[in-house]
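Asks: Going down the list, the sequences are from chains C and E. The first sequence begins at 514 in my numbering and counts up by one. The second sequence begins at 167 in my numbering and counts up by one.
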Amino acid sequence: MTGEHGRPGRKKPGEFHVVNHSVPREDGFAKVTGRAVYASDVRLDGMAYAKVARSPYAHARIVSINTSEAERQPGVLAVLTGNDLAGIDPYYGHAVKDHPLLAIGKVRFLGEPVAAVIAETERAAYEALEFIEAEYEELPTVLDVDHALAEDAPLVHEKAYLGGAFRGFEDDKTHKASNICQNIHFEWGDVTAAFEQAAHVVEGEFYFPMAYAYAMEPYVSVADYSANGLTVYSSAQHPFIVRHDLSKIFGLPLNRVRLVVPFVGGGYGSKSYTKIEPLTSACSWKVQRPVKLQLSVEEAMLTIRNDDARVRVRTAVDAEGRLLAREAMIHLNTGAYAENSPLVAKKAANRIIGPYRIPNVRVHCLAVYTNTVPASSFRGFGATQVTFPGESQMDELAEKLKTDPIEFRQNNLAARGESVHPGLRALDADLSGDLAMLAEALETRKPLPPNHGWGVGVSASDAGSDPVTSALVQVYGDGSVSVLTGSTEMGQGSHSVLRQIAAEEMGAPIEKVRVVGPDTAISPFERSTGASRTTTLMGRAVLEACQEAIEQLKNMAAEAMKTTPQRLTVERGGVAYQDQRLTWPEVLHRYFGMSGCSIVGRAYLRRVGDLCMLPVFWEIGCTGVEVSVDPETGRIKVEKLATVGDVGLAINPAMAEGQDLGAATMGLGIGLYEELTYEGQQLLNGNLLDYRVPRFSDLAAKTELMLAENQDGVGPYGAKGGGEGSLNPVPACLANAVYRATGVRLRRLPLTPERVWQALRKHG
Amino acid sequence: MKLSFEVNGRPVALEIEPQETLAEVLRNRCQLTGVKISCEVQVCGSCTTLVDGQPVSACTFLAYEARNRRVTTIEGLSNGARLHPMQRAFIEEFAFQCGFCTPGMILAATALLAENPDPTDAEIVSYMDGNLCRCTGYLPIVKAIHRAAGLLREEKGNA
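(1) Quick check: the region 1097-1105 of chain C against the region 1197-1216 of chain C, are at least 3 beta-carbon pairs closer than 8 Å?
(2) Quick one, are the C-beta atoms of Q898 (chain C) and A861 (chain C) less than 8 Å apart?
(3) Please identify the residue among C:V857, C:Q586, C:A822, C:L937 whose C-alpha is closest to the C-alpha of D657 (chain C).
(4) In this structure, does DSSP put F719 (chain C) in helix, strand or coil?
(5) Distance, Cα to Cα, R233 (chain E) vs L951 (chain C)?
(6) Please report how far the alpha carbon of F827 (chain C) lies from the alpha carbon of N863 (chain C), in whole angstroms.
(7) Which chain E residues sit within Cβ distance under 8 Å of E730 (chain C)?
(8) Between S1210 (chain C) and chain A, is any beta-carbon pair separated by less than 8 Å?
(9) Following the continuous beta strand (DSSP E) through I1149 (chain C), name the residue where it begins and the one where it ends.
(10) For the region 1075-1089 of chain C against the region 1250-1259 of chain C, are there 3 or more C-beta pairs whose distance is under 8 Å?
(11) Distance check for H713 (chain C) and R1046 (chain C), CA to CA, integer angstroms please.
(12) Within this structure, are the beta carbons of G1284 (chain C) and Q1060 (chain C) separated by less than 8 Å?
(13) Which whole-angstrom value is the C-beta distance of V810 (chain C) and P1242 (chain C), which I expect to be below 8 Å?
(14) Return the chain-ordered ranges of every alpha helix (DSSP H) run that is complete within the region 876-961 of chain C and spans a minimum of 4 residues.
(15) Within the same chain, show all residues whose beta-carbon is closer than 6 Å to that of I290 (chain E), passing over the 5 residues directly before and after it, in chain order.
(16) Evaluate contact between the region 748-763 of chain C and the region 1034-1053 of chain C, counting only Cβ atoms and requiring at least three cross-stretch pairs below 8 Å.
(17) Please look up how many angstroms separate the CB atoms of D941 (chain C) and W1131 (chain C), rounded, as I've assumed it's under 8 Å.
(18) Taking 8 Å as the CB-CB limit, is R176 (chain E) close to chain C?
(19) Could you say which of C:A561, C:M1003, C:R538, C:G1020 lies nearest to S783 (chain C) if we only look at CA atoms?
(20) Thinking C-beta only, is A543 (chain C) closer than 8 Å to L652 (chain C)?
(21) Return the residue from the list E:A274, E:Q220, E:A277, E:E258 that minimises the CA-CA distance to V536 (chain C).
(22) Smallest Cα separation from P1022 (chain C): which of C:V531, C:K524, C:P526, C:G527?
(23) Can you tell me whether E718 (chain C) is buried or exposed, with buried defined as 16 or more other CB within 10 angstroms of its CB?
(24) According to the Cβ coordinates, are T302 (chain E) and F266 (chain E) closer than 8 Å?
(25) Using a C-beta cutoff of 8 Å, does R233 (chain E) count as contacting chain C?
(26) Quick check: is the beta carbon of T199 (chain E) nearer than 8 Å to any beta carbon in chain C?
(27) In angstroms with no decimal places, state the Cα-to-Cα distance between D287 (chain E) and K1153 (chain C).
(28) Helix, strand or coil for Y1279 (chain C), going by three-state DSSP, please let me know.
(29) Nearest-angstrom Cα distance between Y1117 (chain C) and S983 (chain C)?
(30) Is E840 (chain C) closer than 8 Å to G779 (chain C) when the C-beta atoms are compared?
(31) Please state whether DSSP places T788 (chain C) in a helix, a strand or coil.
(32) Within 8 Å (strictly less), CB to CB, does E241 (chain E) reach chain C?
(33) Can you list the residues of chain E that Y777 (chain C) reaches, using a CB-CB cut of under 7 Å?
(34) Taking only the alpha-carbon atoms, compute the straight-line gap between E716 (chain C) and E671 (chain C) and give it to the nearest angstrom.
(35) Residues of chain C with CB closer than 8 Å to the CB of D295 (chain E), please, in chain order.
(36) In angstroms with no decimal places, state the Cα-to-Cα distance between F894 (chain C) and Y649 (chain C).
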């Protein structure tokens, strides 16, 4: 249904009415007045509350669980354990179906849910937890990747599981029991020969830390299992995938499982895929009443983290400074359940190549089960873990070549239309232009004071995920317009951007356009909200749905104007024929003969045409920092932060820049202080007192946010996604800047004062 | 036990449990869900509520401590559809994304301007350091506070 307006580059900046303007956010009034409803604010009649009892061991057989004392506590309705799940299929997992909604038979990490108390009040549920008597028999643990990969290592999962049934993961089936959850290998060229011929080779082992996304709203859902089916209000990024999992667990048809996602209090990937919805739903199924399960931040930290990564990589150049080869072995610590780590592994492998022409590549990536908190998506996943080593080595090579790191990158960047990875879409960005803009903002040619250094990094992520997206646009007789979408508003601004696109296309005033959803009972299918897909895919679906509505309106207008649709001229907000002009509300009124009517435009996107080749777009990272390092304390101060958001066309420039600053700030957090630390089986800093995230006082002294708008994406008006890109290279920027400031190369994140100070001392 | 206090300009009398926090009472008994609970250890500031104009972390503040005092939540800041200058400034500067920290952020910033109507960047950073935001990278919030300071001065000038 792509009409001519859908073609990239059709309208240019300056020609748009609503799009490409920094229109205030759609959710502004609700969010500044406290009226915005989040899943944590949902309250249903007759609602009970659940609290979770968690495993005190990392790996143990559950000998027995006695719940009778807990059940006798005042206000308690029921206690649910892994023994009470007969009648449902308690396992879920979109990639590997390995995750029981409560531990069955054994526990695989410290903090795993073992039982849930359902009570009249949250306090009664909480107070009854201590009356659950569980007996465990401890099993040998595997707490890190090396141990998990050792011969005769204890198995986290004794049996192999089926691949998750969701489209896109058919090839991720685990066939034999081992601690290897996913195994990716590919290569091209003659890597061995290339390293032999190289003028310079750099080699190193890098560590990317275990981190916590800290969405400020912890996981929460309210489930209502009744004769009508299952309705769940949840803080889920991907309601349609959760619906799929719940339909399988409870044996319900898709139209009997309804997911409603109100505002989401931050996601950053941590709320992608299914989380606590199966457990909450099972609690409701058990007591036949609505049940709310609200986790605390401490519990959220025991629910999902990112995959920490050890990356051994070497890169070769010839004497002219051309990249010859890269070889990498990536080990991801995936924790106790697969979650999205099989995809994280795929992406890490793809993304270690960076946006460069490298003729010889060999990559091996393992996602490995361990007895730790499960790992999954975290903003930029895969790219974050491997861009740190990849871009650190670009600077190391530039030094060997005695050349400027920006010039060295410029000589090796793939141009727009050039392939970086055989089998994937050619690069759709002008990274060379982006990098030039960045270098100018960082003033890299200017001499620096002592202990100051700048660093840059670039990345290209195969983004957008599977392009299966649909949208409905309802055009009303009073000139108002509703967009029905399955995209989740978690702060990234999906609803604001979709509203601007609909206002642009339908010629409706922005305040008359409303965005509804996601509510799987009324929203058409959207695979997910992640991988920066929404502007590109949902934005395009909304644009095409508007165009389809306009086609219908043209036919209706032609009837009213006694002519053929071909003779009509579409003007903004209506049609003209000779000296007659009808607005869309007038067309509807003439067609139906009454007011209050509406029509529905629709669009379905799938993998055909210009969306056939994956990724649907490359998400670009192009960032730089200037730091100063205090030689006495090892403390790093960020003097300057610069980002280039290569987004094709910013539907809302202020929001696009806001995404870049937010993403880069997360990169500074992981680069400088964020790390989940284990001591033995126990997560040591699993709370916000001990886990340090960026604060106001960590603001860079200067910030420059830039956009590159070349209209080179497949999204609406040539747009493509952003919001992850400006995180990915930031840790490498920091490490490169510290090297320039001090001569010390750090390969382990975060760059805490202690680590920097130790390295400085060693360096002398 | 009985709790009498003023919430957003109205007298409220309630029967509460002694262990209830101000955040629990406001969210569960007064339906003021603009009070957001996140870290529960007085680190993040998302539950920031004004008691006699001073910002407190309602997650760890016993409701009983608010007896006979004046409590302001985000719901009490705007006058119907007419937004407080700080709220307008947050919208105009894109000073939020997910919005979960926003009620606490706006209330803390309002308390700052009540003490210091024309703060410098450094004063804003120092005062606001106990309010976390995971989305924005803070800079737009600093800009919003400056803008609100300007709007408030204008309002005063016109009054």
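All C-beta atoms in this analysis are idealised placements derived from N, C-alpha and C, irrespective of residue type, glycine included.
Replies: Taking the geometry as given:
(1) Using a C-beta cut-off of 8 Å, the region 1197-1216 of chain C makes no contact with the region 1097-1105 of chain C, since fewer than three inter-stretch Cβ pairs fall below that distance.
(2) Start at 1 with the first residue of the first sequence, and residue 898 (chain C) comes out as number 385. Start at 1 with the first residue of the first sequence, and residue 861 (chain C) comes out as number 348. If you check the CB distance, Q898 (chain C) and A861 (chain C) come in under 8 Å.
(3) Here residue 657 (chain C) corresponds to residue number 144 of the first sequence, with the count starting at 1. Relative to D657 (chain C), the option among C:V857, C:Q586, C:A822, C:L937 whose CA is nearest is C:A822.
(4) Counting from one through the first sequence, the residue named residue 719 (chain C) turns up at place 206. Three-state DSSP puts F719 (chain C) in a strand.
(5) Position 67 of the second sequence, counted from the start, is the residue given in the question as residue 233 (chain E). Position 438 of the first sequence, counted from the start, is the residue given in the question as residue 951 (chain C). Cα to Cα, the separation comes out at about 56 Å.
(6) Translated into the one-based positions of the first sequence, residue 827 (chain C) becomes position 314. Translated into the one-based positions of the first sequence, residue 863 (chain C) becomes position 350. The question names Phe, yet the displayed sequence has Arg at residue 827 (chain C). Going from the Cα of R827 (chain C) to the Cα of N863 (chain C) covers about 16 Å.
(7) The residue you call residue 730 (chain C) lines up with position 217 of the first sequence. In chain order: K202, S204, C264, F266.
(8) Here the protein chains are C and E, and chain A is not one of them.
(9) Residue 1149 (chain C) sits at position 636 when you count from the first residue of the first sequence. Start and end: 1149-1159.
(10) They do not touch, by the three-pair rule.
(11) Within the first sequence, numbered from 1, the residue matching residue 1046 (chain C) stands at position 533. Within the first sequence, numbered from 1, the residue matching residue 713 (chain C) stands at position 200. R1046 (chain C) and H713 (chain C) have their C-alpha atoms some 39 Å from each other.
(12) Only positions 514 to 1277 of chain C appear in the structure, and residue 1284 (chain C) is not among them; the question remains open.
(13) Counting from 1 along the first sequence, the entry for residue 810 (chain C) is found at position 297. Counting from 1 along the first sequence, the entry for residue 1242 (chain C) is found at position 729. The beta-carbon distance between V810 (chain C) and P1242 (chain C), rounded to whole angstroms, is 29 Å. This is too long to meet the 8 Å contact definition.
(14) Taken in chain order, the unbroken stretches of alpha helix (DSSP H) that lie wholly in the region 876-961 of chain C and span 4 residues or more are 896-913, 918-925, 944-955.
(15) Within the second sequence, the letter at position 124 stands for residue 290 (chain E). Around I290 (chain E), the same chain offers V308, I311 as residues with beta carbons nearer than 6 Å, after the five sequence neighbours per side are excluded.
(16) When Cβ pairs closer than 8 Å are counted between the two stretches, the region 748-763 of chain C is seen to touch the region 1034-1053 of chain C, the count reaching three or more.
(17) Sequence index remark: in the first sequence, residue 941 (chain C) carries index 428 (1-based). Sequence index remark: in the first sequence, residue 1131 (chain C) carries index 618 (1-based). Confirmed, Cβ separation roughly 6 Å.
(18) One-based indexing of the second sequence puts residue 176 (chain E) at position 10. No, because no Cβ of chain C sits closer than 8 Å to the Cβ of R176 (chain E).
(19) Residue mapping note: residue 783 (chain C) aligns to position 270 of the first sequence, counting from 1. Residue C:M1003 is the option with its Cα nearest to S783 (chain C).
(20) Here residue 652 (chain C) refers to the residue found at position 139 when the first sequence is read from its first residue. Here residue 543 (chain C) refers to the residue found at position 30 when the first sequence is read from its first residue. Not closer than 8 Å, so no.
(21) Position 23 of the first sequence, counting from 1, holds the residue named residue 536 (chain C). Taking each of E:A274, E:Q220, E:A277, E:E258 in turn and checking the Cα distance to V536 (chain C), the smallest one comes out for E:E258.
(22) Start at 1 with the first residue of the first sequence, and residue 1022 (chain C) comes out as number 509. Closest option to P1022 (chain C), Cα to Cα, is C:V531.
(23) Here the question's residue 718 (chain C) lines up with position 205 in the first sequence. Around the Cβ of E718 (chain C), a 10 Å sphere holds fewer than 16 other Cβ atoms; the residue is exposed.
(24) Along the second sequence, read from residue 1 onward, the residue named residue 302 (chain E) stands at position 136. Along the second sequence, read from residue 1 onward, the residue named residue 266 (chain E) stands at position 100. Going by beta carbons, T302 (chain E) and F266 (chain E) fall outside the 8 Å limit.
(25) Counted from its first residue, the second sequence places residue 233 (chain E) at position 67. No, R233 (chain E) does not count as interfacial toward chain C.
(26) Taking the first residue of the second sequence as position 1, residue 199 (chain E) is located at position 33. Closer than 8 Å to some Cβ of chain C, the Cβ of T199 (chain E) qualifies, so yes.
(27) Position 121 of the second sequence, counting from 1, holds the residue named residue 287 (chain E). Position 640 of the first sequence, counting from 1, holds the residue named residue 1153 (chain C). Cα atoms of D287 (chain E) and K1153 (chain C): separation of roughly 16 Å, rounded to the nearest angstrom.
(28) Since the first residue of chain C shown is 514 and the last is 1277, residue 1279 (chain C) is not available in this structure.
(29) Residue numbering aside, residue 1117 (chain C) sits at position 604 when the first sequence is read from its first letter. Residue numbering aside, residue 983 (chain C) sits at position 470 when the first sequence is read from its first letter. Y1117 (chain C) and S983 (chain C) have their C-alpha atoms roughly 4 Å apart.
(30) Translated into positions along the first sequence, residue 779 (chain C) becomes position 266. Translated into positions along the first sequence, residue 840 (chain C) becomes position 327. It is not a contact, given that the beta carbons lie outside the stated cut-off.
(31) Position 275 of the first sequence, counting from 1, holds the residue named residue 788 (chain C). A small fix is needed here, since residue 788 (chain C) is Lys in this sequence, not Thr. DSSP places K788 (chain C) in coil when its eight states are reduced to three.
(32) Position 75 of the second sequence, counted from the start, is the residue given in the question as residue 241 (chain E). Taking Cβ atoms only, chain C reaches closer than 8 Å to E241 (chain E), which makes this a yes.
(33) Residue numbering aside, residue 777 (chain C) sits at position 264 when the first sequence is read from its first letter. Sequence check: residue 777 (chain C) is Val here, not Tyr. Here the neighbours are C264.
(34) In the first sequence, residue 716 (chain C) corresponds to position 203, counting from 1. In the first sequence, residue 671 (chain C) corresponds to position 158, counting from 1. Linking E716 (chain C) to E671 (chain C) through their CA atoms gives a straight-line distance of about 36 Å.
(35) Along the second sequence, read from residue 1 onward, the residue named residue 295 (chain E) stands at position 129. Those are R1208, F1209, S1210, listed as they occur along chain C.
(36) What you label residue 894 (chain C) is simply residue 381 of the first sequence in a count that begins at 1. What you label residue 649 (chain C) is simply residue 136 of the first sequence in a count that begins at 1. One C-alpha to the other measures close to 35 Å.
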